[in-house]
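Enquirer: Taken in order, these protein sequences are the chains called R and Z.
FYI, full-length UniProt numbering numbers position 76 of the first sequence as 76, with every residue one higher than the one before it.
FYI, full-length UniProt numbering numbers position 54 of the second sequence as 54, with every residue one higher than the one before it.
Protein chains: 2
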Amino acid sequence: MTDVTGPDRARLYEELALESRRYLAAYVLFNQAVADHLGLHPTDVQCLSLLTAEPEPLTVRQIADRTGLTTGSATRLVDRLERGGYVTRTPDRQDRRRVLVTPVPERLARVTALWDDLGETWQTLLDDHSEDELRAITRHLRRAHDLGHTQIRRLRALPRPD
Amino acid sequence: MTDVTGPDRARLYEELALESRRYLAAYVLFNQAVADHLGLHPTDVQCLSLLTAEPEPLTVRQIADRTGLTTGSATRLVDRLERGGYVTRTPDRQDRRRVLVTPVPERLARVTALWDDLGETWQTLLDDHSEDELRAITRHLRRAHDLGHTQIRRLRALPRPD
DNA sequence: CCGAAATCACTGCGCGGCGCAGTGACTCGT
DNA sequence: ACGAGTCACTGCGCCGCGCAGTGATTTCGG
Numbered sequence: 001m002t003d004v005t006g007p008d009r010a011r012l013y014e015e016l017a018l019e020s021r022r023y024l025a026a027y028v029l030f031n032q033a034v035a036d037h038l039g040l041h042p043t044d045v046q047c048l049s050l051l052t053a054e055p056e057p058l059t060v061r062q063i064a065d066r067t068g069l070t071t072g073s074a075t076r077l078v079d080r081l082e083r084g085g086y087v088t089r090t091p092d093r094q095d096r097r098r099v100l101v102t103p104v105p106e107r108l109a110r111v112t113a114l115w116d117d118l119g120e121t122w123q124t125l126l127d128d129h130s131e132d133e134l135r136a137i138t139r140h141l142r143r144a145h146d147l148g149h150t151q152i153r154r155l156r157a158l159p160r161p162d
Numbered sequence: 001m002t003d004v005t006g007p008d009r010a011r012l013y014e015e016l017a018l019e020s021r022r023y024l025a026a027y028v029l030f031n032q033a034v035a036d037h038l039g040l041h042p043t044d045v046q047c048l049s050l051l052t053a054e055p056e057p058l059t060v061r062q063i064a065d066r067t068g069l070t071t072g073s074a075t076r077l078v079d080r081l082e083r084g085g086y087v088t089r090t091p092d093r094q095d096r097r098r099v100l101v102t103p104v105p106e107r108l109a110r111v112t113a114l115w116d117d118l119g120e121t122w123q124t125l126l127d128d129h130s131e132d133e134l135r136a137i138t139r140h141l142r143r144a145h146d147l148g149h150t151q152i153r154r155l156r157a158l159p160r161p162d
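(1) With burial defined as no fewer than 16 other Cβ atoms inside 10 Å of the residue's Cβ, what is the status of residue 68 of chain Z: buried or exposed?
(2) Only counting the same chain, and skipping five residues up and downstream in sequence, which positions put a Cβ closer than 7 Å to that of residue 91 of chain R?
(3) For residue 89 of chain R, write down the residues that DSSP places opposite it in a beta bridge.
(4) What separation, rounded to the nearest whole angstrom, lies between the Cα atoms of residue 93 of chain R and residue 79 of chain R?
(5) From the beta carbon of residue 224 of chain R, is the nearest beta carbon of chain Z less than 8 Å away?
(6) Would a check of beta-carbon distances place residue 104 of chain Z closer than 8 Å to chain R?
(7) How far does the alpha helix (DSSP H) with residue 132 of chain Z in it reach, from first residue to last?
(8) State yes or no: is the beta carbon of residue 56 of chain Z nearer than 8 Å to at least one beta carbon in chain R?
(9) In angstroms with no decimal places, state the Cα-to-Cα distance between residue 143 of chain Z and residue 15 of chain R.
(10) Grab me the residues of residue 43 of chain R's own chain with a C-beta within less than 7 Å of its C-beta, minus the 5 sequence neighbours each way, in chain order.
(11) Thinking just about the alpha-carbon of each residue, which of Z:48, Z:113, Z:125, Z:57 is nearest to the one in residue 84 of chain Z?
(12) Mapping the DSSP letters down to three states, classify residue 59 of chain R as helix, strand or coil.
(13) Could you check whether the stretch 133 to 147 of chain Z touches the stretch 57 to 66 of chain Z, counting it as contact only if at least three pairs of C-beta atoms, one from each stretch, sit closer than 8 Å?
(14) Would the beta-carbon of residue 229 of chain Z fall within 8 Å of that of residue 63 of chain Z?
(15) If I measure Cβ to Cβ from residue 126 of chain R and keep anything under 7 Å in the same chain, skipping five residues before and after, which residues do I get?
(16) How would you write the range of the alpha helix (DSSP H) that residue 21 of chain Z sits in, first residue to last?
(17) Of the choices R:157, R:107, R:120, whose alpha-carbon is the least far from that of residue 13 of chain Z?
(18) Would residue 145 of chain Z and residue 23 of chain R be called neighbours here (beta carbons separated by less than 8 Å)?
(19) Relative to the C-alpha of residue 6 of chain R, which residue among Z:5, Z:8, Z:115, Z:131 is closest?
(20) Could you tell me which of R:122, R:151, R:86 sits nearest to residue 110 of chain R, measuring between CA atoms?
(21) Given a threshold of 16 other Cβ atoms within 10 Å of its Cβ, counted over all protein chains shown, does residue 103 of chain R qualify as buried or as exposed?
(22) Checking 8 Å against the spacing of the C-beta atoms, do residue 45 of chain Z and residue 114 of chain Z come in under that value?
(23) For residue 137 of chain R, which residues in chain Z fall below 7 Å Cβ to Cβ?
(24) State the Cα-Cα distance for the pair residue 19 of chain Z and residue 25 of chain Z, rounded to the nearest angstrom.
Okay, here's the thing in structure tokens:
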């Protein structure tokens with residue numbers, strides 16, 4: 001077992017924490033820049049990202065949950081995207097209360113083209129990492145993601161300090 | 001030199017890209033949850049994070065640049081934080097046009113306490129990574145951060161596709 | 001030097017995304 | 001069959017935000 005109390009290690013933790021904060025701050029700015037460039041809002045871009053990541057269409061509620069919006073705001077979000085031609089609404093045959101939101105590939109081409117272009121450069125970052133390192137990075141991201149959701153549940157359960 | 005074209009490696013790239021997206025999506029939700037819990041806006045929390053990360057106070061303009069807001073909106077942001085007692089305004093003696101924004105430690109204690117609590121759990125994630133892995137993760141984050149800023153400059157230089 | 005230009009924080013104004021609360025349509029459990 | 005729960009959707013009002021302009025201060029060119 002590795003020693004988790006060494007002074008080197010403490011410094012590594014601190015560096016990682018600092019880089020994480022900078023990384024996340026940069027991401028927010030980057031996302032904003034992408035949205036500006038496309039003439040959309042960050043939320044809209046985020047939603048398109050969600051839709052393209054999923055193999056099948058999402059319902060309005062699923063979009064609301066994954067973006068942190070209320071269902072009302074999610075309806076408006078889909079309104080904007082539909083008006084812009086990015087998505088179409090389809091009634092769900094299984095449950096007629098639900099509405100499926102399907103992305104329109106042709107309209108999304110411009111967006112994905114931009115992502116692909118930016119992603120290509122991004123991949124070159126990974127080229128001089130070993131496979132073990134890549135696995136370690138991926139593992140850390142996944143576990144941080146999981147912890148994030150755990151913390152969110154904790155925060156929502158906690159009473160508001162006011 | 002490692003082979004960067006192998007099928008395993010391509011799969012690792014894809015996994016890492018997917019986990020990154022999930023990680024970043026979770027961060028946005030997490031940040032929102034923290035802000036909700038404190039009765040603040042995500043932007044406000046982000047600003048407090050910036051202020052506490054820096055050893056010396058920032059000017060309104062610096063806050064604007066680092067949050068992606070206009071100076072006008074940054075003024076309003078500082079207004080909110082000042083009204084809430086989180087920061088104080090101090091005129092800059094060197095340049096009398098400028099205003100320095102200084103965090104108020106006592107008022108921020110509650111916020112940092114929450115961060116520390118959440119950060120403690122977060123650190124346990126790192127305990128079963130080797131030091132080499134930690135270095136690899138940190139390096140990746142730093143380079144991704146740098147690339148992000150490069151891409152932002154590219155995006156701003158590009159013409160709007162409209 | 002002195003006046004023009006740049007930069008700073010700040011302010012009115014209007015837009016629009018968002019949460020809230022309520023509505024009707026639909027599904028499900030008993 | 002009927003009530004409870006869930007779905008997407010809709011007015012309404014709030015307020016964060018960008019935009020454009022202002023005055024104060026600094027910087028720079030002739």
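All C-beta atoms, glycine included, are put in the ideal place defined by N, C-alpha and C.
Expert: If we stick to the structure as given:
(1) Per the 10 Å Cβ criterion, buried.
(2) Result list for residue 91 of chain R: 99, in chain order.
(3) Bridge partners of residue 89 of chain R: R:101.
(4) Each residue's Cα considered, the two are about 21 Å apart.
(5) What is shown of chain R runs 1 to 162, which leaves residue 224 of chain R out entirely.
(6) So, not an interface residue.
(7) Start and end: 131 to 157.
(8) So no, residue 56 of chain Z is outside the interface.
(9) C-alpha separation (whole angstroms): 13 Å.
(10) Excluding residues within five positions, the ones whose Cβ falls inside 7 Å are 67, 77.
(11) Taking each of Z:48, Z:113, Z:125, Z:57 in turn and checking the Cα distance to residue 84 of chain Z, the smallest one comes out for Z:48.
(12) Note: residue 59 of chain R maps to strand in three-state DSSP.
(13) By the Cβ rule, the stretch 133 to 147 of chain Z does not count as touching the stretch 57 to 66 of chain Z, because fewer than three pairs are nearer than 8 Å.
(14) Since the displayed chain Z opens at 1 and closes at 162, residue 229 of chain Z lies outside it and no answer follows.
(15) Around residue 126 of chain R: 134.
(16) Start and end: 7 to 38.
(17) Closest option to residue 13 of chain Z, Cα to Cα, is R:120.
(18) In contact: residue 145 of chain Z and residue 23 of chain R (Cβ atoms closer than 8 Å).
(19) Of the candidates Z:5, Z:8, Z:115, Z:131, Z:131 places its Cα closest to the Cα of residue 6 of chain R.
(20) Minimum Cα distance to residue 110 of chain R is reached at R:86.
(21) Counting Cβ neighbours within 10 Å, residue 103 of chain R comes out buried, since at least 16 surround it.
(22) Remark: C-beta atoms of residue 45 of chain Z and residue 114 of chain Z do not approach each other more closely than 8 Å.
(23) Going along chain Z in sequence order, the residues near residue 137 of chain R (Cβ under 7 Å) are 16, 136, 137, 140.
(24) Roughly 10 Å separates the two Cα atoms.
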